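K.L.:
I'd like to ask some things about the structure below.
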Amino acid sequence: TDFIFYNQLKSSCGSGEHTGDNLTDAGEGDDEAIKVDLSRVPADVQKIAFTVTIHEADQRKQNFGQVGNAYIRIVNADTSAEITRYDLAEDASTETAMIFGELYRHSGEWRFTAVGQGYAGGLKAMCNQYGINI
2 TDFIFYNQLK SSCGSGEHTG DNLTDAGEGD DEAIKVDLSR VPADVQKIAF
52 TVTIHEADQR KQNFGQVGNA YIRIVNADTS AEITRYDLAE DASTETAMIF
102 GELYRHSGEW RFTAVGQGYA GGLKAMCNQY GINI
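With our numbering applied, the sequence shown covers 2 to 135.
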């Protein structure tokens, strides 16, 4: 299991990179990006989950119901063409962690599925979904 986040910007195998946190919400376009080179993902990796959490959500009294225009999209790095997009519904009133989507291997090909699963228990509850104890 490998985590890519604001405190560890690259995967141990070098296939994934977080381009950094936008803490101000300023500017146009995507606030944050995760780059994945699927050709470098180790063969034993079957799934890549794209998740988002609200840092210190309980202390700050924040949840995803307060976040507008949140989305995940897959973009071809060579052409900048948007391949698919999933917009998060604004009815996540208590959730502080979300699985936005997953890339998974199917018959030797990578596929994407939108998930939209929220967790009121934050990062810990979400990690438990994958059998990860933090």
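For glycine and all other residues, C-beta sits at the position ideal for the given N, C-alpha and C.
Source: prediction; values computed, not measured.
Does the beta-carbon of Asn8 have 16 or more other beta-carbons within 10 angstroms, so that it is buried, or is it exposed?
P.N.:
Exposed: under 16 other Cβ atoms inside 10 Å.
K.L.:
Around the Cβ of Gly17, are there at least 16 other Cβ atoms within 10 angstroms (buried) or fewer (exposed)?
P.N.:
Gly17 is buried by the Cβ-count criterion.
K.L.:
Rounding to the nearest angstrom, what Cα-Cα distance links Gln47 and Val68 in this structure?
P.N.:
Taking the straight line from one Cα to the other gives about 30 Å.
K.L.:
When you compare the CB of Gly66 with every CB in chain D, is at least one pair closer than 8 Å?
P.N.:
Absent from the structure is chain D; it holds one protein chain and no more.
K.L.:
List the DSSP bridge partners of Tyr7.
P.N.:
Its beta-bridge partners do not exist; DSSP assigns none.
K.L.:
Assign Thr1 to one of two classes, buried (16 or more other C-beta atoms within 10 Å of its C-beta) or exposed (fewer than that).
P.N.:
With the chain covering only 2 through 135, there is no way to say anything about residue 1.
K.L.:
Are Ala93 and Gly66 closer than 8 Å when you measure CB to CB?
P.N.:
Going by C-beta atoms, Ala93 is nearer than 8 Å to Gly66.
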